[in-house]
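In the working numbering, the protein residues as written are 7 to 218. Heads up: the structure comes next, in structure tokens.
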Amino acid sequence: MLHRMAGKNFCVSFADPRDAETCAQIGQSVMWDNGAYSLYTRGKTVDWGLYYNWLEPRLGHPHWAVIPDVIGGDDDANLELVRQWPFRREFSAPVWHMGVSLDILAYHADEFGRICFGSSGAFWQVGSEAWSRRCDEAFNFLAQRGAMPWVHMLRGMAVSGKRWPFASVDSVNVARNYKDTNACPEAMARTIDAVQCPISWHRQPEQMELIA
7 MLHRMAGKNF CVSFADPRDA ETCAQIGQSV MWDNGAYSLY TRGKTVDWGL YYNWLEPRLG
67 HPHWAVIPDV IGGDDDANLE LVRQWPFRRE FSAPVWHMGV SLDILAYHAD EFGRICFGSS
127 GAFWQVGSEA WSRRCDEAFN FLAQRGAMPW VHMLRGMAVS GKRWPFASVD SVNVARNYKD
187 TNACPEAMAR TIDAVQCPIS WHRQPEQMEL IA
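As structure tokens, then:
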């Protein structure tokens, strides 16, 4: 079934790398994910040095990787992981957690051409009202700073084709669900690929917080 997906863009997680070689051989491109979300939901930690060693022979155009991040971690913890990252920035994307400050988003936008949005804190549920307001705020912020960077939405397939100009999104929809419906995974992926995000952003009104 995986070989039916030849020519597609793949996401392979360090938390489950069993198909890494096949995806690199048959895929148009591979996003190497650090696996932080899977590790977080399982209550596990990781030696990021092992992730670096795993990535070293796999990074090169058109493939790219997600820089390690600590879900629920503070700004300093995540910035330190970005500073320790040993690879060229053109192959790299830091994660901006939506629950942290826009100053961190600005830092990533200035230093990298590609950023991942990660849902966290009050914005954990992708597509919720709170998440949508925060996403509007983030894109308003990026747009007023000049050229929009490449923004990848982690766990973001549900918001593909909505108003936000994501350059790419990922999910495990096909890998997990094709067996349950006896569907063709390539046909599922083709349907997903036919849905496009807008390439520009129109400023959205922001809801101001009330202070008692």
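The C-beta atom is built at its ideal place from N, Cα and C for all residues, glycine as well.
Determine the contact status of residue i and residue j, defining contact as a CB-CB distance below 8 Å.
i      : j      : result
Ser239 : His69  : Given that the chain is displayed from residue 7 to residue 218, the structure contains no residue 239 and the question cannot be resolved.
Ala144 : Leu111 : yes
Val76  : Ile121 : no
Cys203 : Pro155 : no
Pro191 : Met11  : yes
Phe103 : Gly119 : Looking at the sequence shown, residue 103 is not Phe but His. It is not a contact, given that the beta carbons lie outside the stated cut-off.
Ser166 : Val132 : no
Val88  : Ile73  : yes
Arg3   : Trp91  : No answer is possible for residue 3: it lies beyond the span of the chain, which begins at 7 and ends at 218.
Arg139 : Ala115 : no
Met194 : Val175 : no
If we cut at 8 Å on Cβ distances, does residue i have a partner in chain C?
i     : result
Trp70 : Going by chain labels, chain C is absent from the structure shown, which holds only one protein chain.
Below 8 Å on the Cβ atoms is my guess for residue i versus residue j; work out the distance and round it to an integer in Å.
i      : j      : result
Gly41  : Ala26  : Contact flag wrong, Cβ pair sits at about 12 Å.
Asn146 : Arg209 : 5 Å
Leu56  : Phe93  : At roughly 15 Å, the Cβ-Cβ gap does not stay under 8 Å, so Leu56 and Phe93 are not in contact.
Grab me the residues of residue i's own chain with a C-beta within less than 6 Å of its C-beta, minus the 5 sequence neighbours each way, in chain order.
i      : result
Asn179 : Met163
Ile217 : With a pLDDT of 45 at Ile217, under the threshold of 50, the modelled position of this residue cannot be trusted, and the question is left open.
Cys29  : Phe16, Val18, Val36
Less than 7 Å between C-beta atoms, sequence neighbours within five positions excluded: which residues of the same chain meet that for residue i?
i      : result
Tyr106 : Per the sequence shown, the amino acid found at residue 106 is Val instead of Tyr. Closer than 7 Å at Cβ, skipping near neighbours: Asp81.
Ser206 : Pro171
Gly78  : Ser126
Based on DSSP bridge pairs, tell me the residues matched to residue i.
i      : result
Asp39  : Ser19
Ile121 : Val157
Starting from the C-beta of residue i, find all residues in its chain whose C-beta is less than 8 Å away, skip the five residues before and the five after it, and write them out in chain order.
i      : result
Ser177 : Arg161, Gly162, Met163, Ala164
Leu148 : Leu111, Ala115, Met154, Pro155, Val157, Trp207
Gln213 : Arg139
Runs of 3 residues minimum, wholly inside the segment 71 to 106: which ones carry the beta strand (DSSP E) assignment? 101 to 103
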